[in-house]
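Under numbering that gives the first Met the number 0, the first residue of the sequence shown carries the number 0, and numbering increases by one thereafter.
Okay, structure first, notes after.
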Amino acid sequence: MPLIALVAAGLLVGAGDTRAACLGDTPVATAGAFYRDHYTFWNDPLPSLERIVSARLLRLLKQDRACGGDGGEVCAIGADPWLDAQDGEARDPRFVAESENMVQVRYRFALGDDQPSQAQVARLRLAREGGCWRVDDLIGPNGGSLRDALARFHESPGAG
Numbered sequence: 000m001p002l003i004a005l006v007a008a009g010l011l012v013g014a015g016d017t018r019a020a021c022l023g024d025t026p027v028a029t030a031g032a033f034y035r036d037h038y039t040f041w042n043d044p045l046p047s048l049e050r051i052v053s054a055r056l057l058r059l060l061k062q063d064r065a066c067g068g069d070g071g072e073v074c075a076i077g078a079d080p081w082l083d084a085q086d087g088e089a090r091d092p093r094f095v096a097e098s099e100n101m102v103q104v105r106y107r108f109a110l111g112d113d114q115p116s117q118a119q120v121a122r123l124r125l126a127r128e129g130g131c132w133r134v135d136d137l138i139g140p141n142g143g144s145l146r147d148a149l150a151r152f153h154e155s156p157g158a159g
């Protein structure tokens, strides 16, 4: 096999590996996979986080993880950032493109099976890094940015 064919085959294999490492080909597909497979991403192992979140968000999540120490104490993330609540769950999520790099996560918030649910919307801001869409921020239903909250917490005097 000619050298040029071997090089081309190697490039195609490499491109396939990169693409396979991405959560999705589009922001909406990425948001769906992120929600489904990494709902509690702030607890994911670092190798997983490095593959799914932006460098900026990764740095802040690492700071938050270090703040908690070996005991796993809560630092900046004191509630489920998808819900802006400590209790309850998101049901029937739907993913809708809001802009080129912002995806709405529309769901029904419920405290329990016997409680009425209410419509909520969280948003994922995505960034293109390393050939993949990666999560750059999660904006909860109350409008607060997880990235901004982490930055404020860790930049304040006396922070972890």
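Beta carbons are placed, not taken as given, at the ideal position from N, Cα and C, and that holds for glycine.
Here the structure is a predicted model, which means the values were calculated and not measured.
Identified DSSP bridge partners for residue i
i: R107; result: R90, A118
i: C131; result: E128
i: A96; result: V102
i: G144; result: Correcting the residue identity first, residue 144 is Ser in this sequence and not Gly. Paired residue(s): I138.
i: A84; result: D79
Which listed residue (the options) has its alpha carbon closest to that of residue i
i: R64; options: I51, L82, S53, P44; result: P44
i: W81; options: C21, A89, A75; result: A89
i: T29; options: D79, F94, G67; result: F94
i: Y106; options: Q117, I51, P46, D147; result: Q117
i: G50; options: D147, C74, A126, A148; result: Residue identity differs from the one stated: residue 50 is Arg in this sequence, not Gly. Closest option to R50, Cα to Cα, is A126.
i: V87; options: V27, L110, T25, P26; result: Checking the sequence, you will find Gly at residue 87 rather than Val. Per the Cα distances, L110.
i: R35; options: C21, N100, P92; result: P92
i: C21; options: C131, L48, A148; result: C131
i: F108; options: L48, Q119, T39; result: Q119
i: V52; options: A32, A75, C66, E99; result: A32
i: A148; options: D24, N100, I76; result: I76
i: T25; options: Q114, R146, N100; result: N100
i: R146; options: H37, D113, W41, G23; result: W41
Same chain, Cβ closer than 6 Å to residue i, neighbours up to 5 away in sequence not counted
i: E97; result: Q103
i: A84; result: A78
i: A121; result: W81, V104, G139, P140
i: T17; result: Summary for T17: the model assigns pLDDT 46, below 50, so the residue's position carries little reliability; its value from the coordinates is reported in the next sentence. These residues qualify, in order along the chain: G130.
i: G23; result: T29, A32
Cβ-based neighbour list, residue i, same chain, cut-off 7 Å, excluding 5 preceding and 5 following
i: P46; result: none
i: S144; result: D136, I138
i: E128; result: S53, A54
i: R133; result: I51, V52, S53, L125, A126
i: V27; result: F94, A96, V102
8 Å Cβ shell around residue i - same chain, five flanking residues per side excluded
i: V6; result: Here V6 scores only 40 on pLDDT, less than 50, and its place in the model should not be relied on; the value that follows carries that caveat. Excluding positions up to five away in sequence, the list is empty.
i: Y38; result: W81
- [ ] Evaluate contact between the segment 143 to 157 and the segment 51 to 61, counting only Cβ atoms and requiring at least three cross-stretch pairs below 8 Å.
- [x] By the criterion of at least three beta-carbon pairs nearer than 8 Å, the segment 143 to 157 is in contact with the segment 51 to 61.
TODO: Output the residue ranges of the alpha helix (DSSP H) runs that lie fully inside the segment 51 to 78 and measure 4 residues or longer, sorted by chain position.
DONE: As far as the segment 51 to 78 is concerned, its whole alpha helix (DSSP H) runs of at least 4 residues are 54 to 67.
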